[in-house]
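Peer 1:
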Amino acid sequence: MSTPLDPALIADLLAAPSVEAQISLLQGAGLADEPGLTQLLDHATGLVRTTPGHARRLAVLCATVATDSSLTAIIPPAAYLQAQTHALNGDFGRAAQLIVAARAGYQRLGNSEAALRTNVGLMHVLGESGRYEEALAAGQEILTGINGRSPHPLTALALHNRGTCFEQLGRYDEAIAAYTQAETTYQLLDMREPLGHVRNNRGLVLLSLGQARAALDAFTAAAAIYTAEGSSFSLARTWTNLGETRLLLGDYQQSLALFDQAHQFFQQQDALAEHHILLLGRAKAYLALNLFSQAQAAYQEVEELLRSAGMAHHHAQALWGLGMAHRAQQQFDEAATALAAANDAFAAVGNQPLQVSVLLEQAALEAVQGNRGVALQQAQQALALTSDHHWPIQTFFTRLRLADLLLPDAAAAESHLLVAQPISQSLALPHLRYRVNQRLGRLRLLQGDYLAAQQLLQTAVSDIEQLRGNLAQEALRLSFLDDKTAAYEDLIQLYLLQNEVEQAFATAEQAKSRTLAELLAGLLAVQQPANDDIAVRLQALQADLNAIYNEVLGLDQGSERRPRLLGNLNHQARLLEQEISQLRLQLPLGQPQGDPLLHAVLPSQPHLPPRATMLAYHIIGDEILAFVQHNGRLTVFRQLSSVTAVRQALQRLDIQWQRFRVGSEFISRHQKQLERSAQTVLQTLHQALIAPLAHALTTPRLLIIPHGLLHQLPFHALFDGEQYLLDQHEIVYAPSATIFNLCQQRPIQTEGTALVLGVSDSSIPHVTAEAEAIAATVGNGAQLFLDEAATTAVLRHHAPHSRRLHLACHGLFRSGNPMFSALKLHDGWFTASDVASLPLRHPLVTLSACESGRSQILGGDEILGLSRAFLGAGAAALAVSLWLVEDKTTALLMADWYQRLQQHRMAAALRAAQLALKEQYPHPYYWAPFILVGKF
83 MSTPLDPALI
93 ADLLAAPSVE
103 AQISLLQGAG
113 LADEPGLTQL
123 LDHATGLVRT
133 TPGHARRLAV
143 LCATVATDSS
153 LTAIIPPAAY
163 LQAQTHALNG
173 DFGRAAQLIV
183 AARAGYQRLG
193 NSEAALRTNV
203 GLMHVLGESG
213 RYEEALAAGQ
223 EILTGINGRS
233 PHPLTALALH
243 NRGTCFEQLG
253 RYDEAIAAYT
263 QAETTYQLLD
273 MREPLGHVRN
283 NRGLVLLSLG
293 QARAALDAFT
303 AAAAIYTAEG
313 SSFSLARTWT
323 NLGETRLLLG
333 DYQQSLALFD
343 QAHQFFQQQD
353 ALAEHHILLL
363 GRAKAYLALN
373 LFSQAQAAYQ
383 EVEELLRSAG
393 MAHHHAQALW
403 GLGMAHRAQQ
413 QFDEAATALA
423 AANDAFAAVG
433 NQPLQVSVLL
443 EQAALEAVQG
453 NRGVALQQAQ
463 QALALTSDHH
473 WPIQTFFTRL
483 RLADLLLPDA
493 AAAESHLLVA
503 QPISQSLALP
513 HLRYRVNQRL
523 GRLRLLQGDY
533 LAAQQLLQTA
543 VSDIEQLRGN
553 LAQEALRLSF
563 LDDKTAAYED
573 LIQLYLLQNE
583 VEQAFATAEQ
593 AKSRTLAELL
603 AGLLAVQQPA
613 NDDIAVRLQA
623 LQADLNAIYN
633 EVLGLDQGSE
643 RRPRLLGNLN
653 HQARLLEQEI
663 SQLRLQLPLG
673 QPQGDPLLHA
683 VLPSQPHLPP
693 RATMLAYHII
703 GDEILAFVQH
713 NGRLTVFRQL
723 SSVTAVRQAL
733 QRLDIQWQRF
743 RVGSEFISRH
753 QKQLERSAQT
763 VLQTLHQALI
773 APLAHALTTP
783 RLLIIPHGLL
793 HQLPFHALFD
803 GEQYLLDQHE
813 IVYAPSATIF
823 NLCQQRPIQT
833 EGTALVLGVS
843 DSSIPHVTAE
853 AEAIAATVGN
863 GAQLFLDEAA
873 TTAVLRHHAP
883 HSRRLHLACH
893 GLFRSGNPMF
903 SALKLHDGWF
913 TASDVASLPL
923 RHPLVTLSAC
933 ESGRSQILGG
943 DEILGLSRAF
953 LGAGAAALAV
963 SLWLVEDKTT
973 ALLMADWYQR
983 LQQHRMAAAL
993 RAAQLALKEQ
1003 YPHPYYWAPF
1013 ILVGKF
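Read in order, the letters of the sequence shown correspond to residues 83 to 1018 in my numbering.
Right, here's the structure in full:
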């Protein structure tokens, strides 16, 4: 008689340093015999779905003792149990070997039913490896061997695994039928946990069919069973599936929370297969939220893991997602390679629904490269594949892709949209509904049916707003509108065609820097501090990134090796920035600080001071238009210019600024020619953007709200042939009218100190004099920190209590990752993301550094960079530069501006200082780089 198992003994066995030590413990407990090992195997089997790593260690122990002692009845079940744990860990090759060994062992013992049972595990391993026909044959062998005995557990298990094969083959009807039969048998036999498994798998099929609510019910039912049965491993697996379901329903925040919940569990388990599937789900979420660089990094990571694990179906999905992430970032060759591999993988196993999905993505890739004929051919191929099948998701997106390719042929496009519309209604998924309504709205607009167009477009915008409202985190909202602005633009067009100018402007504001406005209003949740593990990793990554930024700054401008070295350093920096961004997305969120209803009452038109005019630009397609408001009257100016023409002029303007990097001797020798050349470009831009509406700009103060690529433009330096715009107006910039209003609600502090930090080196020697002059002007209220004293800790400590904040140092604009744009303090780079965590109390902030005001513009006109960071952190107004500034003239400008601030408003003082500098240094490169954002 064997001794009953003692929980303390199990703990000791698992903690033992070696198999030899485990055997010694087992022998001491009198369990190294067949009954004892049977008990231990039973216990280990119960651990498979909670702690599979523990189950494996105990199974290996049983196999070792049984082999040494020739206990042949123990060897097959120990091998099969090990196979289960290896499969959970993604090692399907080893799992298959152990299953074959277990089957042979059972056959030698004459236990044919147990031998047949190993086919259940074999089906799973073969299916995950993409060997579906072999898996189905193994299942049929079980059904034949059982020979109609019903109800029988093996029948249910075989049907269940056949259903999984059918699902991964895209044969959804057969999968549902197999799952239904398995579920009936499980219920008859009262097999509770397998019943949870089959409901979980049914949910996956429903998810593939777009039936998200039904899938949610299936996963919830499975989770209830797992909770009741104490199966924590299976419950965590269901969290991953629930996360994907919430993603399809547009509950993005809840989806990510479920992925995080599953991650917390699986990172403590030997369950790499589930970890890979979880990472794939997170990558899908990043892609859905237009976080393309994060999605690409996640897909690249999981693609390698899934390929190594041999998880064929999931690997093909990763390739498909990777292709989409590459296309979204205009990495067309990489996208084509990934999508071709995904298409081949799905075609090889005959998964036609997912092959259709990849074909549609390939069509989109061809279309964006101008290959409309090829794209149309691929979309029609997808249509042929869907025509005889009930694949609602694939049918919907096929019809949408064809409509996009056929427009402006309204009749041809309409037939496809009218097929897609009822699918979106039946599935009741907002992200499908807004897509088809936007396209139908545009179609009705083209057909002149304005009433129908308005209803459809307003519904599309409402659905987008509903989806956007599910996101509490700034980083997630930021990119959300990136691919959804078409509905807003079509609605603006409609309102303008009906001469509803105020409605058009309100809609334009709705799609302009919304997330920044919500951040300023306190409507977004703020990230909480990282846990210890993430904090340590972030600190290490930031140190590595600082080192790379320092290398970039120190590169010799004249070196022939500079382009290659710079490319290598930028690549290294991007990898670090991607990892930091992904870690930050995993940080917990606090509660929003403001009223969540405030967004409904934020004014869209600006509250202008006396004698001021608003000039707000907007881009629709290639057209640049402008709204002008003065004395409460709003007018619109259409067809000012085209994006194409302005982009070309901006490229020419950038060349003007780059000429100042050649060297002082060249500049002094060609000063007049350089000035005339710059004026020519600035006059071209004035003719395009100011001259057609100059008669409406009659006030001395001008609020300019750029849009899109116009954020790069120094409007105050536009030249009419005789004067610059600055000669006629005080000019303030704002990302939107709403943000301008919010800045007016931030009174600049009159109490507190002025914090002045200056970090000089041989390339910016005048920084010290600039900082000292500003501190002297401010007087007793100034705190001056120079060079070694100007540290990140000083900035963090003093900035929250300062009424003015002046930073004179090197600046770095990161065009690929603008929230990693940074200011160089003595002990490191202070990035835009670091700035965002500063609790500023409405100071005037001056960033006397190169390109401190440059931003990347996302869809929805969200500006990303240091300007956004300081406004979001609480700055009331901001002085920043649009290009690489000259050290000496910047010091002169800043000293003069601060002197004039003693007597004048900010905009008036900056204008006067710039005009004074222009007298001495007439080229706009010297006097025009700085703009004032937020307040007059």
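Glycine residues also receive a C-beta, built at the ideal position from the N, C-alpha and C atoms.
How is the beta strand (DSSP E) around LEU929 delimited, first residue to last?
Peer 2: For this step, residue 929 is matched to residue 847 along the sequence shown. Here the beta strand (DSSP E) through LEU929 covers 926-930.
Peer 1: HIS681 to GLU547, Cα distance in whole Å?
Peer 2: The residue you call residue 681 lines up with position 599 of the sequence shown. The residue you call residue 547 lines up with position 465 of the sequence shown. With a pLDDT of only 45 at HIS681, under 50, the local geometry of the prediction cannot be trusted, and no value is derived from it.
Peer 1: Which ranges does the alpha helix (DSSP H) cover as unbroken runs of at least 4 residues, wholly within the segment 926-999, from first to last along the chain?
Peer 2: Segments of the alpha helix (DSSP H) lying fully in the segment 926-999: 948-955 and 969-983.
Peer 1: Express the C-alpha separation of SER316 and VAL280 in angstroms, rounding to a whole number.
Peer 2: To locate residue 280, count along the sequence shown from 1; it is residue 198. To locate residue 316, count along the sequence shown from 1; it is residue 234. The straight-line gap from Cα to Cα measures roughly 12 angstroms.
Peer 1: Name the one or two DSSP bridge partners that ILE786 has.
Peer 2: Numbered from its first residue, the sequence shown carries residue 786 at position 704. According to DSSP, ILE786 bridges with LEU697 and TYR815.
Peer 1: Use the C-beta contact count for PHE748: other C-beta atoms within 10 angstroms, 16 or more gives buried, fewer gives exposed.
Peer 2: Within the sequence shown, the letter at position 666 stands for residue 748. Burial call: exposed.
Peer 1: Name, in chain order, the residues that DSSP records as bridge partners for ALA723.
Peer 2: Working through the sequence shown from its first residue, we reach residue 723 at position 641. The sequence given here places Ser at residue 723; Ala does not occur at that position. DSSP, once it has assigned bridges, lists ILE706 as partnering SER723.
Peer 1: Would you give the residue range spanned by the beta strand (DSSP E) that SER884 belongs to?
Peer 2: Residue numbering aside, residue 884 sits at position 802 when the sequence shown is read from its first letter. Counting along the chain, the beta strand (DSSP E) containing SER884 begins and ends at 884-890.
Peer 1: Alpha carbon to alpha carbon, how far is SER497 from GLN462? Give it in angstroms, no decimals.
Peer 2: As a working mapping, residue 462 is identified with position 380 in the sequence shown. As a working mapping, residue 497 is identified with position 415 in the sequence shown. If you take the alpha carbons of GLN462 and SER497, they lie about 14 angstroms apart.
Peer 1: Rounded to a whole number of angstroms, what is the C-alpha to C-alpha distance between ASP916 and LEU894?
Peer 2: Within the sequence shown, residue 916 is the residue found at index 834, counting from 1. Within the sequence shown, residue 894 is the residue found at index 812, counting from 1. Rounded to the nearest angstrom, the two C-alpha atoms are 14 angstroms apart.
Peer 1: So what does GLN575 bridge to, in DSSP terms?
Peer 2: Here residue 575 refers to the residue found at position 493 when the sequence shown is read from its first residue. DSSP output for GLN575 lists no bridge partner at all.
Peer 1: Taking the alpha carbon of GLU705 as the reference point, which residue from PHE719, HIS712 and ALA694 has its own alpha carbon closest?
Peer 2: For the purposes of this step, residue 705 is taken as the residue at position 623 of the sequence shown. Out of PHE719, HIS712 and ALA694, PHE719 has the C-alpha closest to the C-alpha of GLU705.
Peer 1: Which residue's Cα is closest to the Cα of ALA1019: PRO276, GLN293 and ARG596?
Peer 2: In the structure displayed, the chain extends from 83 to 1018; residue 1019 sits before or after that span and is not available.
Peer 1: Tell me whether the beta-carbon of ASP545 lies closer than 8 angstroms to the beta-carbon of TYR516.
Peer 2: Locating residue 545 in the sequence shown gives position 463, where the first residue counts as 1. Locating residue 516 in the sequence shown gives position 434, where the first residue counts as 1. Contact: yes.
Peer 1: Quick check for students: name the residue ranges of the alpha helix (DSSP H) that lie wholly in the segment 87-168, counting only runs of 4 or more.
Peer 2: Listed in chain order, the complete alpha helix (DSSP H) runs (minimum 4 residues) inside the segment 87-168 are 89-97, 101-110, 116-129 and 134-151.
Peer 1: Using only CA atoms, which one of SER963, GLY187 and THR780 lies nearest to TRP1009?
Peer 2: Reading the sequence shown from its first residue, position 927 is the one you call residue 1009. Closest option to TRP1009, Cα to Cα, is SER963.
Peer 1: Give me the Cα-Cα distance between GLY604 and GLY1016, rounded to the nearest whole angstrom.
Peer 2: Locating residue 604 in the sequence shown gives position 522, counting from the first residue. Locating residue 1016 in the sequence shown gives position 934, counting from the first residue. Straight-line Cα distance between these residues: approximately 17 angstroms.
Peer 1: What does the alpha-carbon distance come out to for the pair ALA485 and ALA494?
Peer 2: Within the sequence shown, the letter at position 403 stands for residue 485. Within the sequence shown, the letter at position 412 stands for residue 494. The alpha-carbon atoms of ALA485 and ALA494 are separated by roughly 7 angstroms.
Peer 1: Based on the DSSP secondary-structure assignment, which residues constitute the bridge partners of HIS712?
Peer 2: As a first step, residue 712 is located in the sequence shown; it is residue number 630 there, counting from the start. Paired residues: ARG715.
Peer 1: With DSSP as the reference, identify every bridge partner of LEU839, one or two as the case may be.
Peer 2: The count along the sequence shown starts at 1 and reaches residue 839 at position 757. Per DSSP, PHE867 and LEU889.
Peer 1: For VAL744, does the count of other Cβ atoms within 10 angstroms reach 16, so buried, or fall short, so exposed?
Peer 2: In the sequence shown, counting from the first residue as 1, residue 744 sits at position 662. With fewer than 16 Cβ atoms within 10 Å of its Cβ, VAL744 is classed as exposed.
Peer 1: Cα separation between GLY192 and THR154?
Peer 2: By one-based count along the sequence shown, residue 192 stands at place 110. By one-based count along the sequence shown, residue 154 stands at place 72. Between GLY192 and THR154, the C-alpha separation is close to 12 angstroms.
Peer 1: Along the chain, where does the alpha helix (DSSP H) containing TRP473 start, and where does it finish?
Peer 2: Walking along the sequence shown from the start, residue 473 turns up at place 391. Note, TRP473: premise wrong, no alpha helix (DSSP H); not H, not E.
Peer 1: For ARG936 and THR762, what's the separation of their Cα atoms in angstroms?
Peer 2: Working through the sequence shown from its first residue, we reach residue 936 at position 854. Working through the sequence shown from its first residue, we reach residue 762 at position 680. Answer to the nearest angstrom: the Cα atoms are 23 angstroms apart.
Peer 1: So what does DSSP say about ILE1013, is it helix, strand or coil?
Peer 2: On the sequence shown, residue 1013 is found 931 positions in, with the first residue counted as 1. Reduced to three states, the DSSP call for ILE1013 is strand.
Peer 1: Determine the contact status of ALA959 and LEU1014, defining contact as a CB-CB distance below 8 angstroms.
Peer 2: Here residue 959 refers to the residue found at position 877 of the sequence shown. Here residue 1014 refers to the residue found at position 932 of the sequence shown. Against a cut-off of 8 angstroms, the Cβ pair of LEU1014 and ALA959 comes out as a contact.
Peer 1: Can you give me the C-alpha to C-alpha distance between VAL182 and ILE156, rounded to a whole angstrom?
Peer 2: Locating residue 182 in the sequence shown gives position 100, where the first residue counts as 1. Locating residue 156 in the sequence shown gives position 74, where the first residue counts as 1. Computed Cα separation, rounded: 15 angstroms.
Peer 1: Assuming LEU289 contacts ALA260 (C-beta within less than 8 angstroms), just tell me the rounded distance between them.
Peer 2: Indexing the sequence shown from 1 puts residue 289 at position 207. Indexing the sequence shown from 1 puts residue 260 at position 178. That pair is no contact at about 17 angstroms.
Peer 1: How is GLN555 classed by DSSP in three states: helix, strand or coil?
Peer 2: Numbered from 1 along the sequence shown, position 473 holds the residue referred to as residue 555. In this structure, GLN555 counts as strand in the three-state DSSP scheme.
Peer 1: What does the Cβ neighbour count give for THR167, buried or exposed, with the cut at 16 atoms within 10 Å?
Peer 2: Against the sequence shown, residue 167 aligns to sequence position 85. Counting Cβ neighbours within 10 Å, THR167 comes out buried, since at least 16 surround it.
Peer 1: What residues in its chain sit with their C-beta under 8 angstroms from that of LEU679, if we drop five residues either side in the sequence?
Peer 2: Working through the sequence shown from its first residue, we reach residue 679 at position 597. No answer about LEU679 holds up, because its pLDDT of 40 lies below 50 and its placement is not dependable.
Peer 1: Three-state secondary structure (DSSP) at LYS754?
Peer 2: Position 672 of the sequence shown holds residue 754. Correct three-state label for LYS754: helix.
Peer 1: If we count the other Cβ atoms within 10 Å of its Cβ and call it buried at 16 or more, is GLN740 buried or exposed?
Peer 2: In the sequence shown, counting from the first residue as 1, residue 740 sits at position 658. With fewer than 16 Cβ atoms within 10 Å of its Cβ, GLN740 is classed as exposed.
Peer 1: Check whether the segment 797-815 and the segment 770-784 touch, using three or more Cβ-Cβ pairs below 8 angstroms as the test.
Peer 2: The segment 797-815, when compared against the segment 770-784, does touch it at the 8 angstroms Cβ threshold.
Peer 1: Could you give the distance in angstroms between the alpha-carbon of LEU522 and the alpha-carbon of TYR334?
Peer 2: Against the sequence shown, residue 522 aligns to sequence position 440. Against the sequence shown, residue 334 aligns to sequence position 252. Approximately 26 angstroms between the Cα atoms of the pair.
Peer 1: Taking the continuous beta strand (DSSP E) assigned at THR913, which residues delimit it?
Peer 2: Start at 1 with the first residue of the sequence shown, and residue 913 comes out as number 831. First-last of the beta strand (DSSP E) with THR913: 910-913.
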